[in-house]
Amino acid sequence: MNLITNMEPFLSKLKDKRIILASSSPRRQELLRGLEVEFEVNVNPVDETLPTDLPVEYAAAYLSKLKAENYPDMLAENEILITADTVVILKNQILGKPNSEHEAFDMIKKLSGTTHRVMTAVTMRGYKKSVTLEDETKVTFRFLDEEEIWHYVRKYKPFDKAGAYGIQEWIGFIGVSSIEGSYFTVMGFPQHLVYEQLKKW
């Protein structure tokens, strides 16, 4: 007996929704696509300068909300806007996106042989409500030698990545010794939280 009669995606109830991902990150686009959700990309750049008195733990949520609030178009009743931001925190200091090879090298050198925190926040905004989801993962790097760091920086050019690294790339394969939490949060999109929220939407 064939018990499978309907192979629609679990989130098929969202087929009447227009989901807008306001992120140019190919990683976030890939991970949202992995939830079997149809969406479009519409990016609105914002000034990501953080208030000087903002605790580092609130940075990802602040930027995620800022991106959602500054979206220029009015949302219709059937639309859901998704924004996200990721920060890397080492010893109460945020390591942002590097502006040069030397800055990227210095960031990874600081992470070498240490445990740091990665916080990702996702804001989902609709016509009448807005929800911000947050998740944190601890990542430990083994000690990396300078040749390994320079190889990664020069070949993979991680200038669009917080903390100057992508865990899904070569440096993650050879350098990350352990993680505590969600791998996908480190990639920049905690799918499990987004999925649960979309089920409620």
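For this note's numbering, add 3 to where a residue sits in the sequence shown, where the first one is 1.
Note that CB positions come from ideal geometry on N, CA and C, so glycine has one too.
Computed from a predicted model, the values in this text were never measured in an experiment.
Any idea what DSSP makes of residue i, helix, strand or coil?
i	result
Y28	The sequence as given places Ser at residue 28; Tyr does not occur at that position. Reduced to three states, the DSSP call for S28 is coil.
I174	helix
L84	strand
F42	coil
Y157	Residue identity differs from the one stated: residue 157 is Arg in this sequence, not Tyr. Helix, per DSSP.
V189	helix
K131	coil
V125	strand
L57	coil
L34	helix
L17	helix
E150	helix
Just the Cα atoms here: how many angstroms apart are residue i and residue j?
i	j	result
H119	A64	18 Å
N47	E41	20 Å
V197	L136	8 Å
G178	E104	18 Å
I152	G116	13 Å
W204	K131	11 Å
F144	S180	6 Å
R36	Q96	32 Å
T52	K113	23 Å
L57	E150	36 Å
K20	R157	42 Å
L78	P54	27 Å
D76	L147	46 Å
D163	T140	20 Å
R30	T89	12 Å
P193	F187	5 Å
P161	F176	15 Å
Y155	D109	12 Å
V49	S28	15 Å
L17	E106	43 Å
H195	L34	10 Å
Could you tell me the boundaries of the alpha helix (DSSP H) in which residue i lies?
i	result
A167	Element bounds for A167: n/a, residue is neither H nor E.
K203	194 to 203
K68	62 to 72
Mind checking which residues open and close the beta strand (DSSP E) that includes residue i?
i	result
K113	That residue, K113, is in no beta strand (DSSP E); its alpha helix (DSSP H) goes 104 to 114.
E183	179 to 183
Could you tell me which residues DSSP pairs with residue i in its beta bridges?
i	result
R120	I92, K141
L98	V91
I23	E43, L84
L136	V125
Three or more C-beta pairs under 8 Å: does that hold for the segment 89 to 105 against the segment 161 to 171?
yes
Quick check: the segment 68 to 87 against the segment 171 to 182, are there 3 or more CB pairs under 8 Å?
no
Is the segment 84 to 95 touching the segment 22 to 32 in the sense that three or more CB pairs, one from each, lie closer than 8 Å?
yes
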